[in-house]
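Report on the structure given below.
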Amino acid sequence: LTSPLVNHRVLQASAPPSVTSFFRSAAPSSPRRSPKLLLPCVASLCNSTPNPDLCLQTLAPYRSKLIPAARLQDLTAYVASVALKVVNLTYHVGVEMMAATAGGAPTTQTDCHGASAEMAVLQDCVQLLDGARAGLADSIERLRSIRSGGVGRADEKAFVVAVMDVRSWLSGSYADQDTCWEEFDEEKAEGSESETVVAAPPDRASVVSVERRLKAEGQRIAPLLSVALAFAQKLQISGPSAYYTFHPCPA
């Protein structure tokens, strides 16, 4: 069995950057606005997402560094980078699971058929997760390229196109990981209708253990992508100069 090729561009973008390095590579994060003009708060932004608690938890590094405000595109890219880290971890667990499944020796003809079906599902899932990684990496790269304060029609058009691309890639990543779990559920349902192997070798048990770990890791992907998608939708409405403050929301 040949392991899937490693996408080095995805790996380079996988780990969420430190807040300092993240902003060093992005446009200045301090809004050039009148001190009298109140900026919307991050808490209100998170409340517009499907999972406000996860949103605030994911953005905690910004609060810990006492950064007064951040561009919405930077916040979106950061959440996407956290999601990419989780997808990468799940992807590599899937590769490990494929290797373990290939090394297991089936004990009956039914078990052989089950192992073959399981391998097909694993291969599909790993390919889907690789597609999700690519979509997230593209989204992060595009978000970091968005400039703030563009006033010309060319800048406005480029911004609209960029955000539409980001939303499309994030949606594709969400669909990829969702399809992976759906295929596992279908295989599980079909397997429950087939003959059950009473005695399974230890290596078979290890495959089950890896599968549980894969699904445990992978279940974290969808909620993070939902937050990133909500941010991207807000970005398309708010424009490239939208900032959010980490100060408490006004009462």
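According to the numbering used here, the residues represented by the sequence shown are 270 to 520, in order.
Just so it is clear, CB atoms sit at the ideal spot from N, CA and C, and this is done for glycine as well.
All values derive from a computational prediction rather than experimental measurement.
Report all residues from its chain with a CB closer than 6 angstroms to the CB of residue i; omit the five preceding and five following residues, and keep chain order.
i: D445; result: L397, G400 and A401
i: C315; result: P321, C324 and L325
i: P517; result: none
i: L498; result: L439
i: V432; result: L504 and Q505
Which term fits residue i, buried or exposed, when burial requires 16 or more other beta carbons within 10 angstroms of its beta carbon?
i: P337; result: exposed
i: I506; result: exposed
i: V420; result: Unreliable placement is indicated for V420, whose pLDDT of 46 sits below 50; no coordinate value is reported for it.
i: E455; result: exposed
i: A403; result: buried
i: A598; result: In the structure as shown, the chain starts at 270 and stops at 520, and residue 598 therefore has no counterpart that could be examined.
i: V430; result: exposed
i: R293; result: At R293 the pLDDT is 48, less than 50, meaning the model places this residue with poor confidence and gives no usable figure here.
i: A352; result: buried
Relative to the C-alpha of residue i, which residue among the options is closest?
i: L358; options: A511, R489 and H516; result: R489
i: D434; options: E410, K354, E455 and Q392; result: E410
i: L483; options: A312, T327, K503 and G363; result: G363
i: F453; options: A497, E387 and R413; result: E387
i: W450; options: R332, V395 and Y331; result: V395
i: L504; options: S414, T327 and F428; result: F428
i: L412; options: L307, Q502, A312 and T327; result: Q502
i: A369; options: K354, L391 and V355; result: L391
i: L405; options: S385, P330 and V355; result: V355
i: S408; options: L307, R436, A511 and D424; result: R436
i: Y360; options: S385, D424 and G487; result: G487
If I measure Cβ to Cβ from residue i and keep anything under 7 angstroms in the same chain, skipping five residues before and after, which residues do I get?
i: T448; result: L397
i: L521; result: Lying outside 270 to 520, the shown extent of the chain, residue 521 is not represented and no answer is given.
i: R332; result: F515
Kindly list the residues whose CB is nearer than 8 angstroms to the CB of residue i, restricted to its own chain and excluding five residues on each side of it in sequence; keep chain order.
i: F500; result: L314, T318, L341, L344, T345 and V348
i: C310; result: Y513, T514, F515, H516, P517, C518 and P519
i: G508; result: F428
DSSP has residue i in a bridge; who is on the other side?
i: A221; result: Only positions 270 to 520 of the chain appear in this structure, which leaves residue 221 out of reach.
i: C310; result: T514
Go to residue i, then tell me how far its alpha helix (DSSP H) extends in each direction, as first and last residue.
i: Q502; result: I490 to S507
i: T327; result: P321 to T327
Shorter than 7 angstroms, the distance from the beta carbon of residue i to the closest heavy atom of the ligand MG, or not?
i: K484; result: What this structure holds is no ligand at all, so the ligand MG is not there to describe.
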